[in-house]
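Report on the following structure.
Number of protein chains: 2
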Amino acid sequence: MEATTHPSPLPRSFADGVFPAGCPSRILLDHITSKWGVLILLSLSEGEQRWSELRRRAEGISEKMLAQTLKTLERDGLVSRHAQPVIPPRVDYSLTGKGYELSGLLVPLVAWAFDNADDIINGQSSRGAVPGK
Amino acid sequence: MEATTHPSPLPRSFADGVFPAGCPSRILLDHITSKWGVLILLSLSEGEQRWSELRRRAEGISEKMLAQTLKTLERDGLVSRHAQPVIPPRVDYSLTGKGYELSGLLVPLVAWAFDNADDIINGQSSRGAVPGK
DNA sequence: CGGGTTTACTTCCCAATAGAGAGTACGCAC
DNA sequence: GTGCGTACTCTCTATTGGGAAGTAAACCCG
Chain G
1 MEATTHPSPL
11 PRSFADGVFP
21 AGCPSRILLD
31 HITSKWGVLI
41 LLSLSEGEQR
51 WSELRRRAEG
61 ISEKMLAQTL
71 KTLERDGLVS
81 RHAQPVIPPR
91 VDYSLTGKGY
101 ELSGLLVPLV
111 AWAFDNADDI
121 INGQSSRGAV
131 PGK
Chain Y
1 MEATTHPSPL
11 PRSFADGVFP
21 AGCPSRILLD
31 HITSKWGVLI
41 LLSLSEGEQR
51 WSELRRRAEG
61 ISEKMLAQTL
71 KTLERDGLVS
81 RHAQPVIPPR
91 VDYSLTGKGY
101 ELSGLLVPLV
111 AWAFDNADDI
121 INGQSSRGAV
131 PGK
């Protein structure tokens, strides 16, 4: 269906067969497109923030998931953690270089979702329903 | 790399407080950044494909999740479903206009993940481990 | 002409995962 | 010494996802 030409040429690599299950790309993709991963990367793209701030901004996240997501992103070298040994504890999180690179790609995606969300999600009453969702 | 300035100015809307849990943007974002949603949108960005083709290309997906994901994306108006009443059945899926728009934003993200995956995922032995993952 | 094959699903069951909420450590103000 | 505040971790339960089998109906094979 070459009618309109594709938005951008894909590297041949995922043209056929996408990429194998369990390969590094899949793993990384799962981390950064995870429900909370996106929100945290997005939030951090505004600058350094501490735990409690992130918790507030990623509204609805549980502490368990915040901890887990941050740990994963830190391990991936996308966010860096700076803990000050004071009491009560204070830990600041920020994006690394790679994290910023990534957030630059994430932002337009989220912006698009934001712009189109109302159109798409509301006014879908007569278009066939998925049971659970 | 943009040392200190942000990659792109975010709409004020998600600058503070991100967006509320359960709002349309969140729902849509969850659909399109879901593990399988990304892969299917990406695969379809190459053109119309039938069920069995998608199943093969999104390696590792279960039939249940393929059905569910396609249903969600169709409901969101991102993919369109064209069923031919033949036996054995033949159903073709393709992106809608909005779907193409979206895939144009998704592709660079996936390409980035693809390029950085090896660096990031391999060679992370000494950097602290997350239990399950 | 009976049986196997093919395709696009749906349903059921169980394992894995996410979420809610309580628990913890520690210093400080009162 | 009681209580607060922060950044976690732990445990228990709710939700979700994968695997496999089931289904319909035209076709090919022998």
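Respectively, the protein sequence lines represent chains G and Y. Each residue of the first sequence is one higher than the one before, starting from 1 at the first, in our numbering. Each residue of the second sequence is one higher than the one before, starting from 1 at the first, in our numbering. Glycine is no exception: its CB is placed at the ideal position from the N, C-alpha and C atoms.
Which residues of chain Y have a Cβ atom closer than 8 angstroms to the Cβ of G:W112, listed in chain order?
Along the first sequence, one-based indexing puts residue 112 of chain G at 112. The contacting residues are E101, L102, L105.
For G:D76, which three-state DSSP category applies?
Here the question's residue 76 of chain G lines up with position 76 in the first sequence. G:D76 falls in the coil class under three-state DSSP.
Is G:R127 close to chain Y, meaning its C-beta is less than 8 angstroms from at least one C-beta of that chain?
On the first sequence, position 127 is the one that residue 127 of chain G refers to. Summary for G:R127: the model assigns pLDDT 45, below 50, so the residue's position carries little reliability; its value from the coordinates is reported in the next sentence. Chain Y contact via Cβ: present.
In this structure, does DSSP put G:V107 in helix, strand or coil?
On the first sequence, position 107 is the one that residue 107 of chain G refers to. When DSSP states are grouped into helix, strand and coil, G:V107 belongs to the helix group.
Tell me, please, whether the CB atom of Y:E59 is closer than 8 angstroms to any CB atom in chain G?
The sequence position of residue 59 of chain Y within the second sequence is 59, counting from 1. At least one beta carbon of chain G lies nearer than 8 angstroms to the beta carbon of Y:E59.
Give me the subset of the segment 18–39 of chain G whose CB atoms are less than 9 angstroms from a CB atom of chain Y, sorted by chain position.
If the cut-off is 9 angstroms between Cβ atoms, the segment 18–39 of chain G has V18, F19, P20, A21, G22, C23, P24, S25, R26, I27, L28, L29, D30, H31, I32, T33, S34, K35, G37, V38, L39 near chain Y.
With respect to the alpha helix (DSSP H) encompassing Y:V38, which residues constitute its N-terminal and C-terminal limits?
The count along the second sequence starts at 1 and reaches residue 38 of chain Y at position 38. Looking at the DSSP string, the run of the alpha helix (DSSP H) that includes Y:V38 is 35–44.
Three or more C-beta pairs under 8 angstroms: does that hold for the segment 46–61 of chain Y against the segment 52–59 of chain G?
The answer is no - the segment 52–59 of chain G does not touch the segment 46–61 of chain Y, with fewer than three Cβ pairs under 8 angstroms.
Identify, in the order they occur along the chain, each residue of the same chain with its Cβ nearer than 7 angstroms to the Cβ of Y:K98, setting aside the five sequence neighbours on each side.
Mapped onto the second sequence, residue 98 of chain Y falls at position 98. The beta carbon of Y:K98 is closer than 7 angstroms to those of G77, L78 in its chain, skipping five residues each way along the sequence.
Of all the residues that make up the segment 64–84 of chain Y, which are near chain G by a beta-carbon distance shorter than 9 angstroms?
For the segment 64–84 of chain Y, the residues whose beta carbon sits under 9 angstroms from a beta carbon of chain G are, in order, Q68, K71, T72, E74, R75, D76, G77, L78.
According to DSSP, residues forming a beta bridge with G:S94
Translated into the one-based positions of the first sequence, residue 94 of chain G becomes position 94. Paired residues: G:S80.
Proximal chain Y residues relative to G:D118, where beta-carbon distance stays under 7 angstroms
Stepping through the first sequence from its first residue, residue 118 of chain G is reached at position 118. The contacting residues are P24.
Going by DSSP, name the residue or residues bridged to Y:R50.
The sequence position of residue 50 of chain Y within the second sequence is 50, counting from 1. Looking at the DSSP output, Y:R50 bridges to Y:D92.
For the alpha helix (DSSP H) containing G:P24, list its first residue and its last residue.
The sequence position of residue 24 of chain G within the first sequence is 24, counting from 1. Annotation: the continuous alpha helix (DSSP H) that includes G:P24 extends over 24–32.
Counting only C-beta atoms, is Y:I121 closer than 8 angstroms to chain G at any point?
Sequence index remark: in the second sequence, residue 121 of chain Y carries index 121 (1-based). Answer yes: the Cβ-Cβ gap between Y:I121 and chain G drops below 8 angstroms somewhere.
Under three-state DSSP, which class holds Y:A58?
Position 58 of the second sequence, counted from the first residue, corresponds to residue 58 of chain Y. Collapsing the DSSP output to three states places Y:A58 in coil.
Tell me whether the beta-carbon of G:L44 lies closer than 8 angstroms to the beta-carbon of G:L105.
As a working mapping, residue 44 of chain G is identified with position 44 in the first sequence. As a working mapping, residue 105 of chain G is identified with position 105 in the first sequence. By the CB criterion at 8 angstroms, G:L44 and G:L105 fall outside the cutoff.
Grouping DSSP H, G and I as helix and E and B as strand, with all else coil, what is G:F19?
Taking the first sequence and counting its residues from 1, one reaches residue 19 of chain G at position 19. Reduced to three states, the DSSP call for G:F19 is coil.
Excluding the 5 residues preceding and the 5 following Y:V110 in the sequence, name in chain order all residues of the same chain whose CB lies nearer than 8 angstroms to its CB.
Against the second sequence, residue 110 of chain Y aligns to sequence position 110. A distance below 8 angstroms between beta-carbons, with the five flanking residues on each side excluded, links Y:V110 to the following residues of its chain, in chain order: V38, L42.
Are the segment 20–35 of chain G and the segment 53–73 of chain Y touching by the rule of at least three beta carbon pairs closer than 8 angstroms?
Counting Cβ pairs under 8 angstroms, three or more are found: they touch.
Is it buried or exposed for G:H82, if we count other Cβ within 10 angstroms and need 16 for buried?
Reading the first sequence from its first residue, position 82 is the one you call residue 82 of chain G. A residue is called buried once 16 or more other Cβ atoms fall within 10 Å of its Cβ, and G:H82, having fewer, is exposed.
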